[in-house]
Amino acid sequence: MLNRLIEYGAAHGLRAEPGFAPKAVRWALSFAEDGRFLGVVELGEAGQKRNPGRTFPVCPTLGQPELVRTRGCHFLIEAASVVALHGAEEGDENTLRKHRCFIQHLENAFGDGPVGKAAATLGNADELVRIRAALADHAVRPTDRVTVRVGGQFPVESDDWHAWWRTYRAGIFADDSASAETPKMRCLVTGDLVEPAPTHDEKIRALGAVGGLAVGCALTSFKEPAYQSYGLKQSYNAAMSTETAKAYCSALNDLIEKHSTRLAGALVVHWFSGRVPDEDDPLPWLQDPSAGAAEADEIDAQRRATELLNAIRAGQRPDLAGNRYYAATVSGAAARVMVRDWMEGSFESLLRAVELWFGDLAIVSRFGDSLAPSPKFLAVLASTVRDLDDVPAPFVSAMWRVAVSDAPIPVSALAQALGRFRVQAMQDDPFNHAGVGLMRAYHVRQQRQKGGSDMSALGPMLNEDHPSKAYQCGRLMAVLARLQHAALGDVGAGVVQRYYAAASSTPALVLGRLVRTSQHHLAKLDKGLAFWYEGVLADIHAKLGDGPPRTLDLEGQSLFALGYYQQIAHMRSSTKKSDETDETRAADAAEGDAHDGRTYQLPL
Numbered sequence: 003m004l005n006r007l008i009e010y011g012a013a014h015g016l017r018a019e020p021g022f023a024p025k026a027v028r029w030a031l032s033f034a035e036d037g038r039f040l041g042v043v044e045l046g047e048a049g050q051k052r053n054p055g056r057t058f059p060v061c062p063t064l065g066q067p068e069l070v071r072t073r074g075c076h077f078l079i080e081a082a083s084v085v086a087l088h089g090a091e092e093g094d095e096n097t098l099r100k101h102r103c104f105i106q107h108l109e110n111a112f113g114d115g116p117v118g119k120a121a122a123t124l125g126n127a128d129e130l131v132r133i134r135a136a137l138a139d140h141a142v143r144p145t146d147r148v149t150v151r152v153g154g155q156f157p158v159e160s161d162d163w164h165a166w167w168r169t170y171r172a173g174i175f176a177d178d179s180a181s182a183e184t185p186k187m188r189c190l191v192t193g194d195l196v197e198p199a200p201t202h203d204e205k206i207r208a209l210g211a212v213g214g215l216a217v218g219c220a221l222t223s224f225k226e227p228a229y230q231s232y233g234l235k236q237s238y239n240a241a242m243s244t245e246t247a248k249a250y251c252s253a254l255n256d257l258i259e260k261h262s263t264r265l266a267g268a269l270v271v272h273w274f275s276g277r278v279p280d281e282d283d284p285l286p287w288l289q290d291p292s293a294g295a296a297e298a299d300e301i302d303a304q305r306r307a308t309e310l311l312n313a314i315r316a317g318q319r320p321d322l323a324g325n326r327y328y329a330a331t332v333s334g335a336a337a338r339v340m341v342r343d344w345m346e347g348s349f350e351s352l353l354r355a356v357e358l359w360f361g362d363l364a365i366v367s368r369f370g371d372s373l374a375p376s377p378k379f380l381a382v383l384a385s386t387v388r389d390l391d392d393v394p395a396p397f398v399s400a401m402w403r404v405a406v407s408d409a410p411i412p413v414s415a416l417a418q419a420l421g422r423f424r425v426q427a428m429q430d431d432p433f434n435h436a437g438v439g440l441m442r443a444y445h446v447r448q449q450r451q452k453g454g455s456d457m458s459a460l461g462p463m464l465n466e467d468h469p470s471k472a473y474q475c476g477r478l479m480a481v482l483a484r485l486q487h488a489a490l491g492d493v494g495a496g497v498v499q500r501y502y503a504a505a506s507s508t509p510a511l512v513l514g515r516l517v518r519t520s521q522h523h524l525a526k527l528d529k530g531l532a533f534w535y536e537g538v539l540a541d542i543h544a545k546l547g548d549g550p551p552r553t554l555d556l557e558g559q560s561l562f563a564l565g566y567y568q569q570i571a572h573m574r575s576s577t578k579k580s581d582e583t584d585e586t587r588a589a590d591a592a593e594g595d596a597h598d599g600r601t602y603q604l605p606l
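Taken in order, the sequence shown gives residues 3 to 606; the numbers are from the working numbering.
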């Protein structure tokens with residue numbers, strides 16, 4: 003993973019030199035070339051409440067150990083409280099010392115030129131009063147980052163200060179380096195003999211929302227004695243040069259900023275070995291199947307993946323052939339980065355996995371008239387819990403791997419989806435398409451893992467000839483529920499509310515009793531409709547052979563649920579199709595015609 007991060011940084015021109023980093027700044031103090039203060043300028047999206055400011059790609063930066071050693075401040079970019087004593091309390095010697103340090107840095111780096119004159123203005127007590135008043139007028143907070151602009155130019159954008167900055171940083175620990183030479187070690191990443199960095203001062207940012215600290219987290223660090231092998235402490239356990247440590251941190255920070263997606267309690271970052279146009283990147287399709295499609299384009303993600311896959315195989319997209327993807331799932335654990343998963347593979351295999359993901363999740367809509375829309379990845383996760391916030395981060399990582407690599411769906415996911423389905427059935431709530439699709443996907447993938455190629459046995463639509471007795475028992479439960487409704491209307495707690503849980507686990511014990519009760523319901527129907535129900539019940543009993551199973555395990559109960567759901571959807575669809583023939587159907591029933599039962603459906 004570290005190798006791939008460094009390759010990404012090199013390919014995207016990220017600066018790996020220690021002491022330099024990109025920074026976002028919202029405010030600038032503007033000065034004339036003669037040092038006169040001109041005013042406060044808002045950078046970035048001026049006027050916006052959540053304006054992040056302007057990002058300068060190459061800024062001076064110090065790690066925490068360097069700041070502690072110098073007892074100083076950052077150079078060129080600092081908090082408003084340090085730059086102009088804005089919001090600083092009277093007598094705050096620590097902030098005052100940092101303020102003087104900031105001015106001294108400007109004078110040392112730029113001499114007595116325009117920037118040095120601006121520094122002199124910052125050191126003038128009367129001018130500071132004006133500057134603080136201007137900052138207050140713009141509602142600048144003391145902790146907001148501030149830089150200086152002189153003569154319309156930002157000194158931070160020039161390279162005039164780079165040489166001075168390198169010399170300054172080198173002198174911070176010069177005494178330590180002279181007194182104790184660190185033996186060279188083999189770099190974990192490059193394989194070169196290097197002087198290892200004792201700590202990796204660059205931190206991984208933006209993990210505060212997924213368990214990390216707001217000040218940043220360390221990816222490679224060792225603290226506890228159990229991790230200090232062969233007497234090696236701190237980061238000597240994973241020896242890297244300072245430049246290499248800076249390189250992987252810069253790359254991961256850039257990916258988190260530009261190519262990350264939050265999934266419950268984790269972040270997923272991904273990139274490719276070569277260039278991939280945004281509209282051809284299949285990973286965002288998992289988050290939103292319509293991502294990257296034009297407004298008028300209703301092609302779903304599965305079809306888009308299929309078309310792109312066929313184009314690559316036909317040689318029509320040589321720019322994508324041979325490309326590889328890399329994806330990491332990360333979260334924070336206080337001051338450390340937790341890498342929950344790492345995946346890499348060919349771009350073609352990724353497309354195939356996305357195609358299969360949506361194909362396996364496909365399910366008839368609860369109304370039975372078409373397939374349900376392809377679900378978003380978060381919708382699949384949400385179908386297993388009461389609230390999306392309840393999804394644990396390890397489960398997110400596991401399901402992401404399932405989607406990206408065509409891995410089997412965990413049994414725990416099947417159990418959770420089945421539990422939510424059972425609640426929806428017994429409370430007569432609308433069924434969750436993503437949850438039902440997840441149960442179907444579990445069985446489809448199990449069959450594919452065993453070498454089966456024919457997935458038609460458990461397709462998105464009802465299969466009246468499905469070989470599973472559990473599936474046929476679910477169908478029987480759905481028909482019995484509709485039969486009761488046809489005979490008695492809405493009775494409140496009906497067959498499903500009272501018996502679904504027991505029937506789905508011990509069908510032989512429950513369904514036989516319900517079938518006997520159904521004879522009384524048949525007697526209340528008109529002759530034609532009763533004949534149709536008798537035909538459907540007889541057809542299902544024929545599929546059951548010697549009768550329902552005594553008990554069903556977890557997989558059997560999920561097949562029961564699928565049979566129940568698809569039978570309900572099928573009957574709803576048939577009802578709509580037969581609405582226009584109600585009068586003909588009633589006339590035929592009165593004449594006692596022997597109908598093919600498929601035409602007799604009862605409206606819900």
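We put the CB at the ideal spot given by N, CA and C, even for glycine. Note that the structure is a prediction, hence the values are computed from the model and not measured.
Residue burial classification, residue i (beta-carbon count within 10 angstroms, cutoff 16)
| i | result |
| --- | --- |
| Leu383 | buried |
| Thr244 | buried |
| Thr145 | exposed |
| Tyr502 | buried |
| Gln52 | Strictly speaking, residue 52 in this sequence is Arg, with Gln absent from that position. That one is exposed. |
| Asp456 | Caution is warranted here: a pLDDT of 47 is assigned to Asp456, below 50, making its placement in the model unreliable, and the coordinate value is therefore given only provisionally. When all chains shown are included, Asp456 counts as exposed. |
| Met3 | exposed |
| Leu556 | exposed |
| Lys248 | buried |
| Arg2 | No statement about residue 2 is possible, as the shown extent of the chain runs from 3 to 606 and does not include it. |
| Lys205 | buried |
| Ala489 | buried |
| Arg484 | buried |
| Glu92 | exposed |
| Pro279 | exposed |
| Gln486 | buried |
| Gln50 | exposed |
Endpoints, the alpha helix (DSSP H) within which residue i is located
| i | result |
| --- | --- |
| Cys103 | 95-112 |
| Gly118 | 116-124 |
| Arg151 | Looking at the DSSP string, Arg151 is not in any alpha helix (DSSP H); the run it does join, the beta strand (DSSP E), is 147-152. |
| Pro286 | 285-289 |
| Lys545 | 529-546 |
Residue i versus the options, residue with shortest Cα-Cα distance
| i | options | result |
| --- | --- | --- |
| Ser367 | His435, Leu257, Asp146 | His435 |
| Pro286 | Phe369, Leu322, Val406 | Val406 |
| Cys251 | Asn5, Ala427, Tyr444 | Asn5 |
| Ala122 | Ser160, Ser506, Phe39 | Phe39 |
| Ile570 | Gln499, Ala268, Ala480, Lys529 | Ala480 |
| Gln685 | Met428, Pro410, Gly476, Gly491 | Since the displayed the chain opens at 3 and closes at 606, residue 685 lies outside it and no answer follows. |
| Ser275 | Arg305, Val212, Ala330, Phe349 | Phe349 |
| Arg56 | Gly49, Pro67, Gln66, Glu44 | Glu44 |
| Val270 | Thr519, Leu195, Ala208 | Ala208 |
| Arg338 | Leu215, Val498, Val191 | Leu215 |
| Leu373 | Ala381, Gly361, Leu380 | Gly361 |
| Gly461 | Glu80, Tyr473, Gly193, Lys452 | Tyr473 |
Close beta carbons around residue i, own chain, < 7 angstroms, minus the five adjacent residues each side
| i | result |
| --- | --- |
| Lys471 | Leu546, Pro550, Pro551 |
| Gln236 | Pro200, Thr201, Phe224 |
| Ser385 | Ala419, Arg422, Asn434, Ala436, Gly437, Leu440 |
| Pro284 | Ala307, Leu352, Leu353, Val356 |
| Cys75 | Val84, Lys100, Cys103, Phe104 |
| Trp273 | Tyr10, Leu257, His261, Tyr328 |
| Ala266 | Leu383, Leu390, Val393, Ala395, Val398 |
| Ala253 | Leu7, Ile8, Tyr10, Gly11, Leu16 |
| Ala532 | Leu524 |
beta-carbon residue i near the ligand FMN non-hydrogen atom, thresh 7 angstroms
| i | result |
| --- | --- |
| Thr331 | No copy of the ligand FMN appears in this structure; indeed no ligand is present at all. |
Beta-carbon contacts of residue i that lie in its chain and below 8 angstroms, excluding the five residues immediately before and after
| i | result |
| --- | --- |
| Pro54 | Ala26, Arg28, Gly46, Glu47 |
Endpoints, the beta strand (DSSP E) within which residue i is located
| i | result |
| --- | --- |
| Met340 | 338-348 |
| His272 | 268-274 |
| Arg56 | 56-62 |
| Lys25 | 22-27 |
Same chain only: Cβ atoms within 6 angstroms of residue i, ignoring 5 sequence neighbours per side
| i | result |
| --- | --- |
| Ala313 | Arg319 |
| Met340 | Ser333 |
| His523 | Leu485, Gln486, Ala489 |
Stretch pair the region 148-156 + the region 110-117: three plus CB contacts closer than 8 angstroms: At 8 angstroms Cβ cutoff, the stretches touch.
Stretch-stretch touch, CB-based, cutoff 8 angstroms, three pairs: the region 70-87 with the region 127-136: When Cβ pairs closer than 8 angstroms are counted between the two stretches, the region 70-87 is seen to touch the region 127-136, the count reaching three or more.
Contact the region 55-73 vs the region 161-171: 3+ CB pairs below 8 angstroms: yes
The region 411-418 contacting the region 523-537, beta-carbon criterion three pairs below 8 angstroms: no
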